[in-house]
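Take the sequence shown: its position 4, counted from the start at 1, is 4 in UniProt numbering, and no numbers get skipped.
All C-beta atoms in this analysis are idealised placements derived from N, C-alpha and C, irrespective of residue type, glycine included.
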Amino acid sequence: MQESRYNQQLIAYRELQQKLNFQSVEIESFKRQIESIQMTIQDKETEILDIREKTKIDYEKKLRSIKKDIDMNDELKNRIKELEHELKDQSFTDRTTIRDLENRLANLQTIIKHRDQEINRLKLDEEQRLNFLRSAVIDYIDTGTNK
Numbered sequence: 001m002q003e004s005r006y007n008q009q010l011i012a013y014r015e016l017q018q019k020l021n022f023q024s025v026e027i028e029s030f031k032r033q034i035e036s037i038q039m040t041i042q043d044k045e046t047e048i049l050d051i052r053e054k055t056k057i058d059y060e061k062k063l064r065s066i067k068k069d070i071d072m073n074d075e076l077k078n079r080i081k082e083l084e085h086e087l088k089d090q091s092f093t094d095r096t097t098i099r100d101l102e103n104r105l106a107n108l109q110t111i112i113k114h115r116d117q118e119i120n121r122l123k124l125d126e127e128q129r130l131n132f133l134r135s136a137v138i139d140y141i142d143t144g145t146n147k
């Protein structure tokens, strides 16, 4: 009976040994799976970090570009304001110049009108003198021939 008990224990021991070996193999397989999963996770984390860094760099680049565009737009707006101000000043100056030239033209036209009137008066005076002289010469000739 002891022998059969021994045999039973030996069988149980061998079965346990076999289970232990099988479980050891299973544990090793699980360890390899865990290592593979950990490597995959590490690769994915590295990939995510790379994508994140690339995205961050792209974002910063676009942000700098947008800031540059905003600055350029601000400069252009300021330049437009300056040009509008210069145009307004030039327009005022041009209107003033035109007014001055119109006044000068009116004055010159008045002067020309007065000079034309003076010339006409002088022509009339000259004509009257010429007629007076002609009359005097004719009277002189008539009185000289009558004597």
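Problem set entry | Backbone CA spacing between glutamine 42 and isoleucine 34 [nearest angstrom] | 12 Å
Exercise. So, is the C-beta of valine 137 closer than 8 Å to a C-beta in chain C?
Worked result: The structure shown contains no chain C; it is built from a single protein chain.
Exercise. From leucine 10 to lysine 31, what does the alpha carbon distance come to, in whole angstroms?
Worked result: 30 Å
Problem set entry | Alpha carbon of glutamate 84 to alpha carbon of isoleucine 111, nearest angstrom | 40 Å
Problem set entry | Alpha-carbon spacing of arginine 52 relative to glutamate 45, whole angstroms | 10 Å
Exercise. Apart from the five residues on each side of it in sequence, which residues of its chain come closer than 8 Å, Cβ to Cβ, to lysine 123?
Worked result: none
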